[in-house]
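Residue numbers (the working numbering): 7 to 185.
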Amino acid sequence: AYVVRQNLVMKALLVAFCFFCGLGLLLCCTVYEVHGVTSQLLANSSKDMYMYVLGDGSVTNVVSSRVPIFIGKGVSGFVDRILEGSGVSIDQCAMLCHPGGKTILETVEEKLGLTREQTASSWTVLAEHGNMSGATNLQIADHLRRSPNYLKYQWAVCTSFGPGLGMEGLLLRIPSAQA
């Protein structure tokens, strides 16, 4: 039983690393200033999104059709916590949302009242590259950095959803947009 438990702990650590590495690398590799960090696990959703390691070392993602429903129920309060105390409102932000799929992006737009311009980088990366797990976050941040929206918005909210079902979020200031 101990060996099984130890293997489960190691697999959980691997899953966490695979998911959270995208947000961690975002801190190191881009030109944004981090002004807030928030994490949350959504209740009763652990069987709706998870990853496991196969015997050959490959990783398999399992995502149920209920994930957008969980995200829809939690994203508004989650983003409120990201913005809490900053004096920034969501309409002042570009939204860098990890595009697990079209339905997730549509759900986040609807629940937060976002425009397609605010989520443009997420849509573009989804169309051009699909879901690349944690690396998708880096692609979205890089796309915004190279787009005209980089100069339009002074702030960006970065959200990512992963195993657990967990939500990770950052409030980023875009220094070059400052007057």
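All C-beta atoms in this analysis are idealised placements derived from N, C-alpha and C, irrespective of residue type, glycine included.
When you compare the CB positions of residue i and residue j, do they come within less than 8 Å of one another, or not?
{"i": "I75", "j": "L102", "result": "no"}
{"i": "V85", "j": "L176", "result": "no"}
{"i": "G170", "j": "L47", "result": "yes"}
{"i": "S45", "j": "G168", "result": "no"}
{"i": "V114", "j": "I88", "result": "no"}
By how many angstroms is the C-alpha of residue j removed from the C-alpha of residue i?
{"i": "N137", "j": "S128", "result": "10 Å"}
{"i": "Q124", "j": "P154", "result": "11 Å"}
{"i": "A141", "j": "E112", "result": "21 Å"}
{"i": "I110", "j": "V81", "result": "10 Å"}
{"i": "Q98", "j": "T66", "result": "37 Å"}
{"i": "H135", "j": "K108", "result": "13 Å"}
{"i": "L120", "j": "C164", "result": "13 Å"}
{"i": "S64", "j": "E174", "result": "24 Å"}
{"i": "A49", "j": "S166", "result": "17 Å"}
{"i": "A126", "j": "A100", "result": "8 Å"}
Which whole-angstrom value is the C-beta distance of residue i and residue j, which I expect to be below 8 Å?
{"i": "Y156", "j": "S182", "result": "7 Å"}
{"i": "L144", "j": "P105", "result": "Contact flag wrong, Cβ pair sits at about 13 Å."}
Give every residue of the same chain whose Cβ lies closer than 7 Å to the Cβ of residue i, excluding the five residues on either side of it in the sequence, and list them in chain order.
{"i": "I180", "result": "Y38, Y156, Y159, Q160, W161, A162"}
{"i": "T216", "result": "Residue 216 lies beyond the stretch modelled for the chain, which goes from 7 to 185, so this question has no answer here."}
Apart from the five residues just before and just after residue i, which ones in its own chain have a Cβ nearer than 6 Å to its Cβ?
{"i": "V94", "result": "W161"}
Please go through the same chain and pick out, in chain order, the residues whose beta-carbon is closer than 8 Å to the beta-carbon of residue i, but skip the five residues on each side of it.
{"i": "L118", "result": "V81, S82, V85, I96, M101"}
Checklist entry - Which ranges does the alpha helix (DSSP H) cover as unbroken runs of at least 4 residues, wholly within the segment 63 to 124, from first to last along the chain? => result Whole alpha helix (DSSP H) segments, 4+ residues: 73 to 89, 108 to 118.
Checklist entry - Where in the segment 123 to 169 do unbroken runs of the alpha helix (DSSP H), each at least 4 residues long, occur, reported from the N-terminal end onward? => result Segments of the alpha helix (DSSP H) lying fully in the segment 123 to 169: 126 to 135, 141 to 152, 155 to 158.
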